[in-house]
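Right, one structure below, let's go through it.
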Amino acid sequence: MITVQDIVQLPEFDSIRLAAPCADYLERPVVRAAILDHEPFSGEYDVFVPGEFVLTTLGFAQKDPELAEEAILKVLSRGVAALAIKPVAMKQLPEACARASQETGVPVFFYNGRYSEHVITAIMEAVAEDANNSQAQRIIGQLIAPSDEMAVRTALFTLAQMTGATFQAVAVRPRHEDEANVRAAGMVLEEILQSYRNRWPDVETVRAVRYRNTQLGLISYKRPPKELIAMSDPDLQRRMAEAGTLYCGISLEMPLGEGDLALRQALAALDWAVEQQETSVRWASMGMEAYRRAVAADRLMGGTARLMKGFLIQYDDLHEGWLFQTAQEFARNYGSISQTAAALYQHPNTVRYRLKRLKEVLGVESMSDRELATFLALTFFSP
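Numbering-wise, this note's numbering comes out as the position in the sequence shown, counting from 1, plus 2.
Below is the structure:
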């Protein structure tokens, strides 16, 4: 959703300032732009509607301050998103208009910048881009949600006319996450994808779409790779790394009907790249971290792990115990009692006693220590 805050940051404004205090004005939604260029004759201001960002020079009232004030009051009463005045006929907001701005919640600005028509065009382009992004986010949200292969194929075709045998996703984020850099990242990604497509004849379709503060690259291929990892994969990573100012996550090449999984992989790899401050990360190279993130993304697995941890935390709280820490170290040390004891600065017999109590708390008394280590590894695998 485009807001007043997004509009006042447009480069078409050389300067823009709030004319009077107005609560929560930056969050007001903007759906279109309009120009105030005529006197407030009876009924004619009904054309202004909520959500409009209205611009004016008040040129029609240049020699009539009362007419200018009347026009402002009538526009504010329409509940528009905001009113921006170029200081031609008026350079200071009348007190009555300032009070009306506070009462209606409609902010009034004074601005300098390009011609009103240019500003109007920029606002409408921002609104249109936001509408396109909203549709893309809705479809991508559907892709990320669990669904069958046919639904995934349909969603990818609706989103980007994706067809073919396999699919790969790239997720990129600028190192500095402001609006301008996110948009610039999309243009860089689009250029890289087109260059990649020209280099590899098996690439069928490429498309860059925005998802929240991330730009996603969607790639479909005409046929599956001959090997588990396609020859083109290192080339794609190299191209992304050479962009320099971006963090990037790259999925495996997967069947088109598993495109939702590819998107999840790319987003998880991107998060890992940001955390590790690495330019580019491939899901295929994440090793154990790929398993950790896969487990964390599974709601059933995550809920079960939280339940088991909760039993241990609850016991420790009630008995001033150390079962949670002991279980964590036992899993971390692959079931070695001696290494667990060393990590906890405890005698091995103390660890054995705690493990016995731990089995009782979790209801797994029949497990061997090796089975318990596996069980706890799964429990502590999930964040």
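All C-beta atoms, glycine included, are put in the ideal place defined by N, C-alpha and C. Every value quoted in this text rests on a predicted model; they were computed, and no experiment measured them.
Rank the options by C-alpha distance to the C-alpha of residue i and give the top, closest one.
i, options, result
"D150", "R301, D16, F62, L263", "L263"
"S79", "Q94, Q104, K65", "Q104"
"E41", "V10, L195, L75", "L75"
"M290", "G312, S118, T59, L380", "L380"
"E192", "T123, R241, E260", "R241"
"F382", "A268, Y198, Y293, D66", "Y293"
"D8", "D180, P23, Q64", "D180"
"V205", "Q196, V211, R212, G188", "Q196"
"V211", "M310, S234, A63, M164", "M164"
"R30", "Q64, V110, P96, I37", "V110"
Which residue marks the beginning of the beta strand (DSSP E) containing residue i, and which one marks its end?
i, result
"F111", "110 to 115"
"Y223", "216 to 223"
"I37", "34 to 38"
"I18", "15 to 20"
When you compare the CB positions of residue i and residue j, do they come within less than 8 Å of one another, or not?
i, j, result
"Q239", "I252", "yes"
"R225", "A167", "yes"
"G81", "V108", "yes"
"A344", "L378", "no"
"G261", "F159", "no"
"A91", "G61", "yes"
"Y113", "I18", "yes"
"E244", "Y223", "no"
"H120", "E280", "no"
"A25", "I122", "no"
"A299", "I231", "no"
"V363", "Y317", "yes"
"L314", "F332", "no"
"Y27", "V51", "no"
"T207", "R175", "no"
Mind checking who residue i pairs with in its DSSP beta bridge?
i, result
"Y213", "T216"
"G251", "A173, V283"
"M256", "F169"
"T156", "DSSP lists no partner for T156."
Alpha helix (DSSP H) containing residue i: first to last residue?
i, result
"V56", "Where V56 is concerned, there is no enclosing alpha helix (DSSP H), although the beta strand (DSSP E) it sits in stretches over 54 to 58."
"N183", "181 to 201"
"M3", "Premise fails: M3 is in no alpha helix (DSSP H) and is neither H nor E."
"D235", "234 to 243"
"I1", "Summary: the structure shown does not reach residue 1, with the chain confined to residues 3 through 385, and so no result is reported for it."
So within the region 65 to 127, which uninterrupted alpha helix (DSSP H) runs reach at least 4 residues, ignoring any that extend past its ends? 67 to 79, 97 to 106
Within the region 263 to 331, note down every full alpha helix (DSSP H) run reaching 4 residues or more, in order along the chain. 290 to 299, 301 to 321
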